[in-house]
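Student:
There are 2 protein chains.
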Amino acid sequence: MQLFSYFRSSASFRVRIALELKGLPYDYVPVHLVKNEQLKPPFTGVSPSRLVPILKDGEGLVTQSIAIIEYLDETHPEPPLMPAYPLGRARVRALSLDIACEIHPLNNLRVLRHLVHELKVSEDDKNRWYRHWVETGLETVERQLAGHPSTGRFCHGDTPTMADALLVPQIFNARRFECRLEHVPTVMKVFDACMEHPAFVRAQPSACPDADAP
Amino acid sequence: MQLFSYFRSSASFRVRIALELKGLPYDYVPVHLVKNEQLKPPFTGVSPSRLVPILKDGEGLVTQSIAIIEYLDETHPEPPLMPAYPLGRARVRALSLDIACEIHPLNNLRVLRHLVHELKVSEDDKNRWYRHWVETGLETVERQLAGHPSTGRFCHGDTPTMADALLVPQIFNARRFECRLEHVPTVMKVFDACMEHPAFVRAQPSACPDADAP
């Protein structure tokens with residue numbers, strides 16, 4: 002398998018975590034987002050989505066991090082990244098989408114660029130925007146984790162699921178932009194548990210072949 | 002089953018389509034987003050997510066439209082809203098996420114409000130922002146549908162899938178904000194096919210009990 006990835010892309014980070022949790026070897030193909038390599042050949046020839054990450058599995062191409070993780074879980078079921086029963090799977094998916102739909106899209110590189118270049122938003126206002134969506138979005142996640150009977154050492158139970166693969170990259174981003182995190186203690190307890198797991202450590206941006214690419 | 006919905010919420014519209022495609026009866030519980038009812042009791046007592054739609058199925062609560070649709074498909078498999086093979090499911094999920102993660106989050110009510118009230122963006126700039134993300138986002142969807150061997154009468158094959166349940170509400174929004182749509186002919190062909198299907202018609206905003214609620 003080949004993973005088209007950028008070390009700092011949190012969507013790529015999610016998939017790297019899933020691959021490490023599954024113990025699946027893969028070729029890392031770097032795509033430099035800051036240099037806009039995702040918008041130029043040869044990458045545009047790989048997939049019409051022009052987004053990373055992309056997983057190439059034989060002749061099959063899968064885009065969108067959540068679709069990739071679900072695909073990996075279906076094609077390599079052990080260890081499972083989804084609970085065995087429908088309401089459990091629904092909870093893991095909903096937590097994942099709380100991050101993938103409510104937080105991350107507002108803060109990715111192309112949106113921040115648009116705010117600055119098109120809407121002429123100041124650097125300060127851009128940073129406030131970033132923190133606002135991270136802090137309020139994580140508060141929603143906190144409310145769903147804290148005191149819920151299914152929350153365990155990880156977001157759902159005592160083994161990592163897709164939700165943890167979404168949560169950890171979001172916390173990395175939050176720290177990079179100096180967001181407030183004291184108001185989400187359950188989220189941070191789960192984050193700390195994840196970072197004691199070698200799969201999350203091996204998948205982190207600083208461990209990528211293109212880390213700190215100029 | 003109960004669906005907490007707002008007629009104009011496109012995430013609620015997605016779930017209403019899925020329920021209609023499955024032929025499942027449900028109680029419609031209106032939550033008026035413009036009046037911020039999602040942030041007040043009794044709704045805040047229903048779910049800590051404070052977002053619509055929410056599906057209540059017996060004692061089970063499911064949030065996030067994509068998680069709800071997947072849950073409905075797992076618990077009521079006929080007719081299926083997902084292809085039978087992993088790469089097909091991955092494609093349907095990726096198309097759905099191209100809308101749910103790359104387009105819709107930038108244009109929902111709370112984000113538009115934030116642009117106007119916090120960033121003091123003008124009405125014109127807000128509308129330009131809206132159209133930019135819809136038009137470029139749908140272009141990405143178009144590139145993935147046009148000429149793909151799995152694209153049929155609908156996004157994936159000749160029967161509706163989750164991807165169609167995501168696409169149709171996005172086109173309703175695009176029209177409401179007068180976005181350009183000539184550049185996405187395949188998307189519009191699929192949209193037209195959907196609107197010939199009674200499930201999509203029955204689920205549309207104007208058919209909701211709270212349509213045009215003051």
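Quick note, the sequences are listed as chains A and B, same order.
When the letters of the first sequence are read in order and numbered with this note's numbering, they come out as residues 2 to 215.
When the letters of the second sequence are read in order and numbered with this note's numbering, they come out as residues 2 to 215.
Beta carbons are placed, not taken as given, at the ideal position from N, Cα and C, and that holds for glycine.
Which residues share a DSSP beta bridge with I1(B)?
Tutor: Because chain B is modelled from 2 through 215, residue 1(B) falls outside the range shown and cannot be assessed.
Student: Are the beta-carbon atoms of S11(A) and C209(A) separated by less than 8 Å?
Tutor: Against a cut-off of 8 Å, the Cβ pair of C209(A) and S11(A) comes out as no contact.
Student: Identify the residues that DSSP records as bridge partners of P106(A): which are they?
Tutor: Paired residue(s): none; P106(A) is not in a bridge.
Student: Within 10 angstroms of the Cβ of L40(A), are there 16 or more other Cβ atoms? Answer buried if so, exposed if not.
Tutor: That one is exposed.
Student: Should the segment 139 to 157 of chain A be regarded as contacting the segment 167 to 175 of chain A, the criterion being three or more beta carbon pairs within less than 8 Å?
Tutor: Judged by Cβ distances under 8 Å, the segment 139 to 157 of chain A makes contact with the segment 167 to 175 of chain A, as three or more pairs qualify.
Student: Any Cβ of chain A within less than 8 Å of the Cβ of Y72(B)?
Tutor: For Y72(B), the answer is yes, since a Cβ of chain A falls inside 8 Å of its Cβ.
Student: Which first and last residues belong to the beta strand (DSSP E) in which P31(A) is found?
Tutor: From DSSP, the beta strand (DSSP E) with P31(A) extends over D28 to P31.
Student: Quick one: which residues of the segment 151 to 164 of chain B get their C-beta closer than 7 Å to a C-beta of chain A? List them in chain order.
Tutor: If the cut-off is 7 Å between Cβ atoms, the segment 151 to 164 of chain B has nothing near chain A.
Student: Could you tell me which residues DSSP pairs with T152(A) in its beta bridges?
Tutor: Note: T152(A) sits in a beta bridge opposite G158(A).
Student: Please classify F44(A) as buried or exposed, where buried requires at least 16 neighbouring CB atoms within 10 angstroms.
Tutor: Buried, by the Cβ-count rule.
Student: Specify the secondary structure class of S10(A) as computed by DSSP and reduced to three states.
Tutor: Three-state DSSP puts S10(A) in coil, outside helix and strand.
Student: Kindly indicate which three-state DSSP category F178(A) falls into: helix, strand or coil?
Tutor: Residue state, collapsed to three classes: coil.
Student: Provide the residue span of the alpha helix (DSSP H) that contains D126(A), from first to last.
Tutor: Element bounds for D126(A): E124 to L146.
Student: Any contact of the segment 86 to 105 of chain A with the segment 61 to 69 of chain B, i.e. 3+ C-beta pairs under 8 Å?
Tutor: Touching, yes, given that three or more Cβ pairs across the two stretches are closer than 8 Å.
Student: Does the beta-carbon distance from L96(B) to A164(B) come in below 8 Å?
Tutor: Contact flag set, yes.
Student: K36(A): buried (16+ other C-beta within 10 angstroms of its C-beta) or exposed?
Tutor: By the 10 Å Cβ count, K36(A) comes out exposed.
Student: Could you tell me whether any Cβ in chain B is nearer than 8 Å to the Cβ of V135(A)?
Tutor: Output row for V135(A): interface = no.
Student: Is it the case that the Cβ atoms of V30(A) and L4(A) are separated by a distance below 8 Å?
Tutor: Their beta carbons are under 8 Å apart, which means V30(A) touches L4(A) by this criterion.
Student: Going by Cα to Cα distance, which pick from T64(B), E38(B) and L34(B) is closest to S48(B)?
Tutor: Measuring from the Cα of S48(B), the nearest candidate turns out to be T64(B).
Student: Cβ atoms of L116(B) and W130(B): under 8 Å apart, would you say?
Tutor: For W130(B) and L116(B), yes; Cβs fall inside 8 Å.
Student: Using beta carbons (cut-off 8 Å, strictly below), is A175(A) in contact with chain E?
Tutor: In the displayed structure, chain E is absent; the protein chains listed are A and B.
Student: Reducing DSSP to helix, strand and coil, say where E183(A) ends up.
Tutor: Coil.
Student: Going straight from the alpha carbon of P81(B) to that of T162(B), what length do you get?
Tutor: Taking the straight line from one Cα to the other gives about 7 Å.
Student: Keeping to the same chain, check which residues put their C-beta closer than 6 Å to that of D211(B); ignore five residues upstream and five downstream.
Tutor: Taken in chain order, the residues that qualify are F8 and P31.
Student: Consider the Cβ of A91(B): report whether some Cβ of chain A lies at a distance smaller than 8 Å.
Tutor: With 8 Å as the cut-off, A91(B) counts as an interface residue toward chain A.
Student: Using a Cβ-Cβ cutoff of less than 6 Å, which residues in the same chain neighbour E38(A) once the five nearest sequence positions on both sides are dropped?
Tutor: If we look at E38(A) and ignore the five residues flanking it on each side, its Cβ neighbours are V32 and F44.
Student: According to DSSP, simplified to helix, strand and coil, what is S48(A)?
Tutor: In the structure shown, S48(A) sits in coil (DSSP, three-state: anything other than H, G, I, E or B).
Student: Indicate the three-state DSSP secondary structure (helix, strand or coil) for K23(A) in the structure shown.
Tutor: Helix at K23(A).
Student: Confirm, please, whether the CB-CB distance from F173(A) to R132(A) is below 8 Å.
Tutor: No, Cβ-Cβ distance for R132(A) and F173(A) is not below 8 Å.
Student: Helix, strand or coil: which one does DSSP assign to V35(A)?
Tutor: V35(A): coil per DSSP, three-state reduction.
Student: Please list the residues of the segment 57 to 68 of chain B that have a C-beta atom closer than 7 Å to any C-beta atom in chain A, keeping them in chain order.
Tutor: Flagged, chain order: G61, V63, T64, Q65, I67 and A68.
Student: What residue does the alpha helix (DSSP H) around L88(B) start on, and which one ends it?
Tutor: Where L88(B) is concerned, the enclosing alpha helix (DSSP H) stretches over P87 to A101.
Student: Skipping 5 residues on each side, what residues in its chain have a beta carbon closer than 8 Å to that of L34(B)?
Tutor: Excluding positions up to five away in sequence, the list reads Y7, R9, S10, V53 and L110.
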